[in-house]
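In numbering that gives the first Met the number 0, the protein residues as written are 0 to 515. Below you'll find the structure, written out as structure tokens, and then a few comments.
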Amino acid sequence: MLLVLLLIINSLIFLFLNMYRFQFASHINRMIFIAAGVIFTVGNILLLGFEHSGWLGFFLLYIFAAVYGWMGAATIAAVMAGLLLLFNIYTLEVWVMAAGGYVFFGLSTGGILYYFRRHNTQLKQWQEFFYKQSKNLHVLREVSLALQSTLKLDKVMHIFLTAVTAGYGLGFNRAFILLQEESNPNQYSGRLGIGPLSMEEGHVIWENVVMQKLTLRDFIKLQREAEVNDQELNRKIRSYSFTINEKQPLCHHVLTEMEPIIVKGEVDKEDSLLKHMKETFSMKEFAVIPLLTRGKVIGLMIIDNIVDNEPIKHEDLDNIMPLATQGAMAIENAMLYEKSENTAIEDALTGLKNKRFLDRMLPHLLESAAAKNNCLTALVLDIDHFKSFNDTHGHLLGNEILIQFAKLLEEAVAKEDIVCRFGGEEFIIFLPKKSLRQGEKTAELIRKAVRTYPFDGRETQPLQRITVSIGVASYPELAESGSDLIQKADEAVYRAKKKGRDQVAVYSEQEREVYL
């Protein structure tokens, strides 16, 4: 009874070890499996007697065959046969038969297990391949749906780079986009990047992703958060503007051959763009991928794995190219849309914003001013005696005066101020966050700058110079709405002209009664 109990305990120990060995890494798993097999075999030999060691040895053979294949089985078979001979457990004839049986069993078992292991490996490879293909199709579908939802260039690039870098996307750690400049086809400028600046930052981001269980669709929606998190990265990316030609062989190869490359090790100093980026962003290995659409390259994408240091394989490039092509098409469409939008809201002659832009922008300016309890001051400017100037000098010189006048206005105001051509020789400037008095001071500075500017043909004007009349009004101090603001600034211009031109007039209800 005790013997049976001990045999059961020995078997339970073997089963217990085999149940929990799968919790560990593969090499520890194998060691536990071998240890469990040795304990089970030796334990049974001690309990049942050495005369049973012969047939129990077959179990040990199976263990080593399962772990090390037929070579492991043959080795342990030879060792076991030697032990039988050494301890003289069997006669020579029986020993020879046992040794032959061990070798035959070991080789056949090892061969069979090798076949199944190889077959299983092939199945896993196919499963992994189909999983990647399924994942890539899923990414393409998600990105396609997301890209169809917008024509804004920054949003399109964010969606594209998110699909490349998100764990639920293609899973690269970091990606940058450089786009071709319209004015110079050989000039490429950094536009957007997503990813960490360092490995440590990458680990923090990944832990946050795991905790929040973000999906690819979640990442796509988080553009504003990405812009905040990647501010320093994008500041560096947008500082890049390089001419790519034969002097930069790697990038030039990508552009001319229209095929991606993987860059490992040191970069030739002639490739100043890639060498500088490699050093700036601590890239050990990276890939340069062309953004192709309609048979031409509109930009480059650079990817790397700064966090996990996973090597980039050629099959990775095969997976990324369909997405890169789709992203390139979306980027080109967004660029064309942006260009058409700019054309629609820009004055063709001066390059300033036009009345269409003004109609779109003014409600937002008023809403922002009201929400933050700020002022919004408007200056309406009208060039004095401009019709007579055109009659004297013709419209070509008149247009040149308008172009110079527009440039002067842009230089005279702050970056956040908005300058528009309202029509003909009339212009309007919006000064967010500036009070009525600040607007009056700005108007006076502009008036003096125009008066002293050396415009061609100015000597034919009444004062031998070109001058401007400016009206000033402010919301909410004097106006209740956008149209009211423009109307009151326009009435102030009318008053300035009535008083002799070349003046700044602030809207006043009392004086309005006199001049209207």
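For each residue, glycine too, the CB sits at the ideal point set by N, CA and C.
- Across the structure, LEU435 and LYS352 are spaced so that their CA atoms are roughly 23 Å apart.
- Beta-carbon to beta-carbon, VAL296 and MET334 are separated by about 14 Å, too far to satisfy the 8 Å threshold.
- Taking the Cα positions, ASP489 is about 38 Å away from THR149.
- Here the stretch 427-447 makes no contact with the stretch 321-329; the two share fewer than three CB pairs at distances below 8 Å.
- By the neighbour-count criterion, in which 16 or more other beta carbons inside 10 Å mark a residue as buried, THR242 falls on the exposed side.
- Boundaries of the beta strand (DSSP E) around SER473: 467-474.
- ALA174 is the residue among GLU245, PRO289, ALA174 and LEU272 whose C-alpha sits nearest the C-alpha of LEU232.
- Rounded to whole angstroms, the Cβ separation of LYS354 and GLY423 is 11 Å, and the two are not in contact under 8 Å.
- Straight across, the Cα-Cα distance linking PRO248 with ARG237 is about 22 Å.
- The count of Cβ pairs closer than 8 Å, one atom from the stretch 300-309 and one from the stretch 336-344, stays below three, leaving the stretches out of contact.
- Every alpha helix (DSSP H) stretch that sits fully inside the stretch 243-291 and reaches 4 residues is listed by chain position as 248-256 and 271-279.
- With respect to the 8 Å criterion, VAL492 and SER507 are not classified as neighbours on the basis of their beta carbons.
- Annotation: the continuous beta strand (DSSP E) that includes LYS295 extends over 295-303.
- TYR114 counts as exposed, since fewer than 16 other beta carbons sit within 10 angstroms of its beta carbon.
- The three-state secondary structure of ARG237, taken from DSSP, is coil.
- Note on ASN372: under 16 other CB atoms within 10 angstroms of its CB, so exposed under the neighbour-count rule.
- Between the C-alpha atoms of ALA35 and THR161 there is a straight-line separation of about 48 Å.
- Here PRO310 carries a coil assignment [DSSP, helix/strand/coil].
- Counting only runs of 3 or more residues that sit fully inside the stretch 375-452, the beta strand (DSSP E) segments are 375-382, 417-422 and 425-431, in chain order.
- The DSSP-derived three-state label of LYS371 is coil.
- For GLY192, the enclosing beta strand (DSSP E) has its first and last residue at 186-193.
- For ILE485, DSSP records no beta bridge to any residue.
- Comparing C-alpha distances from ASN172 to each of SER182, ILE158, ASN185 and PRO195 shows the shortest one belongs to PRO195.
- Measuring C-alpha to C-alpha distances from LEU407 to each of LEU395, THR349, SER271 and HIS384 identifies THR349 as the nearest.
- Per the C-alpha coordinates, the member of GLY298, SER281, SER480 and THR292 positioned closest to CYS250 is GLY298.
- ALA162: member of the alpha helix (DSSP H) spanning 152-164, first to last residue.
- Going by C-alpha positions, ASP483 is about 12 Å away from GLU476.
- If you draw a 10 Å sphere on the C-beta of LEU357, you find 16 or more other C-beta atoms in it, and that means buried.
- Only residues of its own chain outside the window of five on either side were considered, and among them ARG190 and GLY298 have a CB closer than 6 Å to the CB of LEU178, listed in chain order.
- In this structure, DSSP gives ALA35 a helical state, which the three-state scheme calls helix.
- When DSSP states are grouped into helix, strand and coil, LEU177 belongs to the strand group.
- C-alpha of LEU401 to C-alpha of LYS432: approximately 27 Å in a straight line.
- When DSSP reads this structure, LYS497 sits in no beta bridge, so it has no partner.
- Annotated three-state conformation of GLU331 is helix, per DSSP.
- Its Cα nearest to that of ALA504, the residue GLY470 stands out among ILE428, GLY470 and ILE485.
- Around ILE33, the same chain offers ILE62, PHE63 and VAL66 as residues with beta carbons nearer than 8 Å, after the five sequence neighbours per side are excluded.
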